[in-house]
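If you count the sequence shown from 1, position 194 lands on 196 in my numbering, and the numbers rise without skipping. Contents: one structure, followed by commentary.
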Amino acid sequence: MFGRDLSCLVVVGAQWGDEGKGKLVDVLAEQSDLVVRYQGGANAGHTVVVGSAQFVLRLIPSGILNPPAICILGNGVVLDPVALFEELDALAARGVSTEGRLLVSDRAHLVLPYHKLLDAAGERQQNIGTTGRGIGPTYEDKYGRRGFRVADLRDLGEAARLLAERVAGANERIALSGMTERASLDEHVTLLERMAPRLLPLASDTGAVIHRALKEGRRVLLEGAQGSLLDVDHGTYPYVTSSNTTAGGAAVGSGIGPTMIDGVLGVVKAYTTRVGNGPLPTLADPPLEEELRNVGGEFGSVTGRPRRCGWFDASVVRYAARVNGLTALAVTKLDVLDGFDSIPVGTGYTLDGGTCTEMPAEVKVLERVRPVYETLRGWKAPTGGVRALSDLPGAARAYLDRLQELAGVPIRYVSVGTRRDQIISL
Ligand code: GDP
């Protein structure tokens with residue numbers, strides 16, 4: 003994907019998340035000098051399989067499994083220091099050296115224990131189906147200008163004063179929800195005193211680091227988490243995440259200008275899934291949904307929740323192509339469809355008897371659309387061992403051709419299994 007004209011690439015999910023971005027980033031990280039996360043927090047849950055080992059990375063970019071790539075948690079990320087050090091320790095225990103390979107932005111906001119209480123309090127009032135990791139409340143605090151940033155740790159005296167204010171404010175909001183639990187200031191002060199000496203040496207103005215790397219001709223991969231339809235502006239609001247998952251967020255959340263980005267790769271499953279609440283127009287009928295879920299292993303890697311499963315929805319991917327400016331597509335999990343006799347593909351929607359060409363702004367309307375299906379022939383043959391497009395069964399090639407045509411974006415990669423080597427480059 004990288005080349006003379008492409009040194010800064012964004013990878014985004016072009017559906018509702020869990021598209022297999024982690025695997026694509028892992029593959030592309032081999033060609034990257036820097037791998038940057040630009041939004042979200044320890045709710046990403048990328049799963050990467052290296053040899054016989056499976057790694058679930060919630061916060062650290064999957065590029066960490068590809069030395070010597072340097073990984074960055076950008077300013078747009080909300081950083082849970084406890085989760086970060088647990089993940090670093092788990093990687094060390096499995097022999098992955100992260101020494102000198104992870105930088106964090108000193109502008110990133112910290113996710114603190116009181117944010118998790120606020121998350122639980124919020125779910126009591128509005129059932130969004132969050133992962134409960136404090137991500138949403140941390141973003142709320144950021145935009146409410148009452149956040150706590152990595153840089154605040156540089157002056158521990160001042161940090162303790164700020165923390166007292168923040169914990170008291172959070173407790174007031176928790177009390178309003180009717181919850182009896184309260185955040186403890188002592189616990190927060192102790193936590194930060196313990197974390198600061200480990201976190202601060204990793205902290206810097208990472209936007210400047212990325213800018214410098216690009217000026218020196220290095221290759222930078224900006225790794226999105228969740229999916230485009232979960233973007234706080236462009237997703238199925240309010241069933242969305244609290245950040246901009248789409249490519250525009252990559253510039254803001256990594257601290258570089260949009261003119262420095264050369265390409266945007268959209269990752270899509272060969273079908274569609276959704277975890278949490280909110281509409282999923284191409285939801286499959288129960289027996290087929292269960293088959294997709296079981297064959298595809300569609301259970302959340304962070305929460306274990308079963309994902310709802312349905313057919314490829316071209317309306318969703320066309321919309322994602324537009325809001326991200328996608329320049330290429332990676333289709334994952336083609337192998338999951340190997341056993342189906344026929345495969346429906348959603349080519350568009352109807353609404354109240356008419357056509358519906360644009361993604362509606364209201365979930366209520368999206369709940370009412372009816373997908374228009376076209377049924378394609380299944381290939382009934384294993385694809386997991388295929389490494390060249392020409393070796394795929396004809397019906398699988400026809401399926402991919404149709405997805406590409408409907409999406410209006412060229413397919414560059416097809417993933418046919420969980421392992422790193424199970425990929426076809428076009
Ligand atoms: P991400 O958040 O977009 O990285 O997605 P997840 O890691 O949550 O979910 C993707 C899941 O699908 C993981 O368990 C991957 O190992 C798996 N996966 C990725 N690509 C493929 C593929 O081509 N085929 C199959 N069968 N599984 C895949």
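Glycine included, each C-beta is placed from N, C-alpha and C at the ideal position.
Compute the beta-carbon to beta-carbon distance between residue i and residue j, rounded to the nearest angstrom, for a pair I have assumed lies under 8 Å.
i, j, result
"LEU105", "VAL211", "6 Å"
"THR274", "GLY312", "5 Å"
"ARG421", "VAL12", "About 24 Å separates the two Cβ atoms, so there is no contact after all."
"LEU120", "ARG175", "6 Å"
"ALA31", "LEU223", "6 Å"
"ASP340", "THR385", "6 Å"
"ALA122", "GLY138", "Not confirmed; about 11 Å, so no contact."
"GLY76", "SER417", "Actually they are not in contact, since the Cβ atoms of GLY76 and SER417 sit about 26 Å apart, beyond 8 Å."
"SER317", "MET262", "About 31 Å separates the two Cβ atoms, so there is no contact after all."
"TYR375", "PRO346", "4 Å"
"VAL36", "ILE74", "Before going further, note that residue 36 is Leu rather than Val in the sequence given. At roughly 6 Å, the Cβ-Cβ gap stays under 8 Å, so LEU36 and ILE74 are in contact."
"SER303", "THR49", "5 Å"
Just curious, the alpha helix (DSSP H) that residue i is in, first and last residue?
i, result
"GLN406", "396 to 409"
"GLU21", "Premise fails: GLU21 is in no alpha helix (DSSP H) and is neither H nor E."
"ALA55", "ALA55 -> not in any alpha helix (DSSP H); beta strand (DSSP E) instead, spanning 55 to 59."
"VAL169", "158 to 178"
"VAL191", "187 to 201"
"THR208", "208 to 217"
"ARG295", "288 to 298"
Counting C-beta neighbours from all protein chains within 10 Å, is the total for residue i 16 or more, i.e. buried, or is it exposed?
i, result
"GLN56", "exposed"
"GLN17", "buried"
"TYR145", "exposed"
"ASP1", "In the structure displayed, the chain extends from 3 to 428; residue 1 sits before or after that span and is not available."
"GLU218", "exposed"
"GLY419", "buried"
"ALA383", "exposed"
"ASP154", "buried"
"GLN41", "buried"
"THR247", "buried"
"GLY159", "exposed"
"GLY19", "buried"
"ALA363", "exposed"
"LEU114", "buried"
"PRO359", "Here the sequence assigns Thr to residue 359, which means Pro is not the residue at that position. Classification of THR359: exposed, given that the 10 Å Cβ count is below 16."
"SER430", "Residue 430 is absent from the structure shown; the chain starts at 3 and stops at 428."
"GLN228", "buried"
"SER54", "exposed"
"PRO289", "exposed"
"PRO373", "buried"
"ALA71", "buried"
"THR208", "buried"
"ASP28", "buried"
"SER99", "exposed"
"ARG276", "buried"
"ASN296", "exposed"
"GLN127", "exposed"
"ASP337", "buried"
"SER392", "exposed"
"THR377", "exposed"
Starting from residue i, trace the beta strand (DSSP E) in both directions and tell me its first and last residue.
i, result
"GLY15", "10 to 15"
"SER244", "It is not in any beta strand (DSSP E) - SER244 carries neither H nor E in the DSSP assignment."
"GLY49", "Looking at the sequence itself, residue 49 is Thr, so the reference to Gly does not match. Counting along the chain, the beta strand (DSSP E) containing THR49 begins and ends at 48 to 52."
"SER317", "From DSSP, SER317 is part of no beta strand (DSSP E) but of the alpha helix (DSSP H) over 316 to 326."
"ARG310", "310 to 312"
"ARG422", "Run containing ARG422: none; DSSP gives neither H nor E here."
"GLU225", "222 to 225"
"GLY445", "This structure does not reach residue 445, given that the chain is present from 3 up to 428, and the question cannot be answered."
"LEU36", "36 to 39"
"THR274", "274 to 276"
"GLY268", "265 to 271"
Within the region 68 to 124, ranges of the alpha helix (DSSP H) (whole runs, at least 4 residues)
83 to 95
Can we say the region 242 to 251 touches the region 199 to 206, given the rule of at least three CB pairs closer than 8 Å?
no
Do three or more CB pairs link the region 88 to 96 to the region 69 to 80 at distances below 8 Å?
no
Counting only runs that start and end within the region 320 to 381, where is the alpha helix (DSSP H) found for 4 or more residues in a row?
365 to 370
Count the C-beta pairs between the region 57 to 70 and the region 262 to 272 that are closer than 8 Å, then say yes if the count reaches three, no if not.
no
Does the contact criterion of 3 or more C-beta pairs under 8 Å hold for the region 182 to 190 versus the region 133 to 145?
no
Please confirm if the region 271 to 289 is in contact with the region 229 to 244, defined as three or more CB-CB distances below 8 Å between the two stretches.
yes
Meets three-Cβ-pair contact criterion under 8 Å: the region 362 to 370 and the region 317 to 324:
no
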